[in-house]
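Here the structure comes first, spelled out in structure tokens, and everything after it is commentary.
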């Protein structure tokens with residue numbers, strides 16, 4: 510069984526040297542036969558997500574019987590969503606099956622169902638999920654989709670079909686833009702120059718991510734970084750480990766077109782899936798005289814879902830990977846008159862002029878009283 514984060518990241522990295530063809534992707538769902546919510550989850554979560562994926566991307570999500578393993582095609586990507594289940598009370602037999610799915614090469618994701626109290630509040634043991642579930646996911650090499658929805662009629666904290674839809678895209682298709690790789694020697698020369706110029710800054714950003722654990726699921730799936738320049742952008746590649754990244758994990762982006770949902774880049778792997786919104790955001794800010802030098806998107810569970818800064822949370826969820834999301838990000842910054850905000854039930858976006866300013870922000874807002882800032886007082 511594959512249990513190493515690094516090994517999984519390595520496999521996925523090479524999956525995204527080029528944009529995936531839909532023919533390379535396979536999707537399955539497994540309903541947990543032991544769950545009293547199985548039929549409900551199939552009808553209200555799994556099948557609606559499957560219909561949306563088929564309508565938007567032409568893919569088919571097939572049923573898989575509990576205990577069976579899908580055929581994993583060499584060079585392809587196999588996605589499995591399983592559930593519902595309570596990760597805090599998952600029996601060994603169920604764990605073994607999920608581990609077998611992952612070991613077979615399937616990207617295995619679970620729909621959660623945590624029981625609520627009689628007054629429809631989280632049970633005391635749910636607090637342990639923030640530490641227990643990540644360890645379980647690492648052990649089994651699976652992913653638990655974060656459950657933000659409360660179904661009061663069933664008395665559970667669970668997921669929505671939109672959660673599964675977004676998760677499936679992120680695990681398989683990942684990039685929603687149309688990429689064109691530039692082979693211009695001049696672009697390659699600019700890329701090499703930027704990698705040298707930003708080497709120390711990227712190393713500092715990696716340190717800040719490590720010290721403050723600025724990811725929720727994995728450091729190579731969560732977050733993105735973009736440096737802006739006149740006429741081009743220096744962006745992290747998709748599936749870059751933010752805790753260990755170097756400037757060699759960045760691409761040069763030379764142009765984009767919102768109408769065709771396309772961008773042109775130079776680099777060994779595709780640019781981050783967040784590139785469209787940050788290209789649009791930086792361009793809109795520049796048009797209004799405030800182009801940031803640096804954009805950082807990161808995750809932090811307490812800040813995203815905790816009680817602080819609720820005034821900076823977007824009114825609605827914003828699906829990433831689209832140029833239109835950048836327009837919504839621009840509106841958030843203008844309306845809130847701030848340099849950062851929280852995407853509802855997702856993560857943070859910060860804009861500024863230097864890594865030093867970003868680290869100051871992290872010490873002040875994300876982890877007040879910690880790190881170098883505290884030592885200096």
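In our numbering, the protein residues as written are 510 to 886.
The beta carbon of each residue, even a glycine, is placed where N, CA and C say it ideally should be.
If only complete runs of 3 or more residues are kept, the stretch 775-848 shows the beta strand (DSSP E) at 803-807, in order along the chain. In this structure residue 808 does not touch residue 875 by the C-beta definition: roughly 11 Å separates them, more than the 8 Å allowed. Proximity of the stretch 656-676 to the stretch 743-750 falls short of the contact definition, fewer than three beta-carbon pairs being nearer than 8 Å. Note on geometry: alpha-carbon atoms of residue 646 and residue 737 lie some 35 Å from one another. The alpha-carbon separation between residue 814 and residue 625 amounts to approximately 18 Å. According to DSSP, residue pairing for residue 535 in a beta bridge involves 587. Between the beta-carbon of residue 593 and that of residue 638 there is about 14 Å, and that puts the pair past the 8 Å contact cut.
According to DSSP, residue 738 shares a beta bridge with 741.
Note that the C-beta distance between residue 717 and residue 803 is not below 8 Å. DSSP lists 745 as the bridge partner or partners of residue 759.
Residue pairing by DSSP places residue 724 in no beta bridge whatsoever. Uninterrupted alpha helix (DSSP H) stretches at least 4 residues long and entirely within the stretch 674-714 occur at 694-706, given in chain order.
In the three-state reduction of the DSSP assignment, residue 639 falls in the helix class. Between residue 648 and residue 610 a beta carbon distance of about 14 Å is seen, past the 8 Å cut, so the two are scored as non-contacting. Separation of the CB atoms of residue 827 and residue 842 is rounded to 13 Å, and the pair is thereby denied contact status at 8 Å. Between residue 620 and residue 673, the C-beta gap is smaller than 8 Å, which places the two residues in contact. Between residue 773 and residue 782, the C-beta spacing is not below 8 Å.
DSSP places residue 874 in the helix class (H, G or I) of the three-state scheme.
When rounded, the separation of the alpha-carbon atoms in residue 834 and residue 757 is 27 Å. By the Cβ criterion, the stretch 533-551 is in contact with the stretch 579-592, since at least three pairs of Cβ atoms, one from each stretch, lie closer than 8 Å. Of 760, 571, 564, 545, the smallest CA-CA separation from residue 705 is found for 760. Residue 624 has 665 as its beta-bridge partners, per DSSP. Burial check for residue 575: the Cβ neighbour count within 10 Å stays below 16, so the residue is exposed. When rounded, the separation of the alpha-carbon atoms in residue 641 and residue 653 is 11 Å. A Cβ-Cβ separation of about 25 Å leaves residue 831 out of contact with residue 777 under the 8 Å criterion. Here residue 616 carries a strand assignment [DSSP, helix/strand/coil].
Under DSSP, residue 556 takes part in no beta bridge, so it has no partner.
The beta carbons of residue 723 and residue 651 sit no closer together than 8 Å.
Apart from the 5 residues on each side of it in sequence, residue 563 sits with its Cβ closer than 7 Å to the Cβ of 569 in its chain, given in chain order.
Exclusion of the five residues before and after residue 784 leaves 686, 744, 762, 772 as the residues of its chain whose Cβ lies within less than 7 Å of its Cβ. Within a 10 Å sphere around the beta-carbon of residue 725 sit 16 or more other beta-carbons, which makes this residue buried.
Between residue 688 and the set 729, 779, 634, the nearest pair of CA atoms involves 779.
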